[in-house]
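Undergrad: Quick one: this structure, given as structure tokens, is what I'll be asking you about.
Residue numbers (this note's numbering): 525 to 724.
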């Protein structure tokens, strides 16, 4: 899969302040993001990438797991993800996700993942934007999952495709899930307003 040329990271861009990445995220998604960082540190990876985010989403969010498919599809995908450190992921260790250059990245002596890959930072940014467009709510797991599968050049999509899962079909299913959640939230708020008016 052809990687794209990395975009420069401006001081105020999504990837410029990795320790502020929980801002604008719901509690559950902030937990997912923290889990992705821990996985990168544990695996000795220089950056947290979209495959780390995908793995953490699948481990921690039942709605994302339900969108992926049934137990066979989920087991195949998780089985593929856990092989990262001994299999396909080895070729990623010397390059930066979202970069066409084969830039060698030294293993950090401290074991600390230094930053998000450009693709992962962009996915987090897009998740926040999706939440903002539907009313300014904090981004949640489906928002991030939608952002991950929307980038055909991401490592997350590469893993999905290697596991035999069509990212485009996933995108459609995620859109339905997000629409249903939004409709439920609108109905809940309407009921709360009606109850408040009735109490006056």
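Where a beta carbon is used, it is the ideal one built from N, C-alpha and C, also for glycine.
Could you give the distance in angstroms between the alpha-carbon of residue 573 and the alpha-carbon of residue 721?
TA: The sequence position of residue 573 within the chain shown is 49, counting from 1. The sequence position of residue 721 within the chain shown is 197, counting from 1. Roughly 48 Å between the two C-alpha positions.
Undergrad: Under 7 Å between the Cβ atoms of residue 550 and residue 662?
TA: In the chain shown, counting from the first residue as 1, residue 550 sits at position 26. In the chain shown, counting from the first residue as 1, residue 662 sits at position 138. The answer is yes: Cβ separation under 7 Å.
Undergrad: Is the separation between the beta-carbon of residue 619 and that of residue 571 shorter than 7 Å?
TA: Here residue 619 corresponds to residue number 95 of the chain shown, with the count starting at 1. Here residue 571 corresponds to residue number 47 of the chain shown, with the count starting at 1. Cβ distance not < 7 Å, so residue 619 and residue 571 don't count as in contact.
Undergrad: CB residue 702 to CB residue 676, shorter than 7 Å?
TA: Along the chain shown, read from residue 1 onward, the residue named residue 702 stands at position 178. Along the chain shown, read from residue 1 onward, the residue named residue 676 stands at position 152. Against a cut-off of 7 Å, the Cβ pair of residue 676 and residue 702 comes out as no contact.
Undergrad: Tell whether a beta-carbon distance below 7 Å holds between residue 695 and residue 681.
TA: Numbered from 1 along the chain shown, position 171 holds the residue referred to as residue 695. Numbered from 1 along the chain shown, position 157 holds the residue referred to as residue 681. Against a cut-off of 7 Å, the Cβ pair of residue 681 and residue 695 comes out as no contact.
Undergrad: Is it the case that the Cβ atoms of residue 580 and residue 603 are separated by a distance below 7 Å?
TA: Here the question's residue 580 lines up with position 56 in the chain shown. Here the question's residue 603 lines up with position 79 in the chain shown. Not a contact, by the Cβ cut-off of 7 Å.
Undergrad: With the cut-off set at 7 Å, would you say residue 578 and residue 589 are in Cβ contact?
TA: For the purposes of this step, residue 578 is identified with residue 54 of the chain shown, where counting begins at 1. For the purposes of this step, residue 589 is identified with residue 65 of the chain shown, where counting begins at 1. No. Outside cutoff.
Undergrad: What are the partner residues of residue 572, as DSSP defines its beta bridges?
TA: The sequence position of residue 572 within the chain shown is 48, counting from 1. Residue 572 is bridged to 640.
Undergrad: Do residue 562 and residue 576 count as a contact pair if the criterion is CB distance below 7 Å?
TA: Position 52 of the chain shown, counting from 1, holds the residue named residue 576. Position 38 of the chain shown, counting from 1, holds the residue named residue 562. No. Outside cutoff.
Undergrad: Is residue 548 closer than 7 Å to residue 652 when the C-beta atoms are compared?
TA: On the chain shown, residue 652 is found 128 positions in, with the first residue counted as 1. On the chain shown, residue 548 is found 24 positions in, with the first residue counted as 1. Yes, they are a contact pair.
Undergrad: Can you name the start and end residues of the alpha helix (DSSP H) that residue 566 belongs to?
TA: Taking the chain shown and counting its residues from 1, the one referred to as residue 566 is at position 42. It spans 551-567 - the alpha helix (DSSP H) in which residue 566 sits, taken as one unbroken run.
Undergrad: At the level of alpha carbons, what is the spacing between residue 546 and residue 553?
TA: Start at 1 with the first residue of the chain shown, and residue 546 comes out as number 22. Start at 1 with the first residue of the chain shown, and residue 553 comes out as number 29. If I take the Cα positions, the gap works out to 8 Å.
Undergrad: Shortest alpha-carbon distance to residue 606 belongs to which of 690, 684, 557 and 699?
TA: Within the chain shown, the letter at position 82 stands for residue 606. Among 690, 684, 557 and 699, the Cα nearest to that of residue 606 belongs to 684.
Undergrad: Helix, strand or coil: how does DSSP classify residue 674 here?
TA: If you number the chain shown from 1, residue 674 lands on position 150. Looking at residue 674 - three-state DSSP - the assignment turns out to be coil, as it is neither helix nor strand.
Undergrad: DSSP three-state call for residue 546: helix, strand or coil?
TA: The count along the chain shown starts at 1 and reaches residue 546 at position 22. Of the three classes helix, strand and coil, the one that applies to residue 546 here is coil, per DSSP.
Undergrad: Taking the C-alpha atoms as reference points, what is the distance between residue 565 and residue 704?
TA: What you label residue 565 is simply residue 41 of the chain shown in a count that begins at 1. What you label residue 704 is simply residue 180 of the chain shown in a count that begins at 1. Each residue's Cα considered, the two are about 36 Å apart.
Undergrad: Applying the criterion that 16 or more other CB atoms from any shown protein chain within 10 Å of the CB defines a buried residue, is residue 621 buried or exposed?
TA: Along the chain shown, one-based indexing puts residue 621 at 97. When all chains shown are included, residue 621 counts as buried.
Undergrad: Apart from the five residues just before and just after residue 691, which ones in its own chain have a Cβ nearer than 6 Å to its Cβ?
TA: As a first step, residue 691 must be located in the chain shown, where it is residue number 167. So the qualifying residues of the chain are 673, 681 and 684.
Undergrad: Within 10 Å of its beta-carbon, does residue 657 have 16 or more other beta-carbons around it, so buried, or fewer, so exposed?
TA: The residue labelled residue 657 in the question sits at position 133 within the chain shown. Flag for residue 657 reads exposed.
Undergrad: Taking the DSSP output, what are the residues bridged to residue 663?
TA: If you number the chain shown from 1, residue 663 lands on position 139. Its beta-bridge partners are 549.
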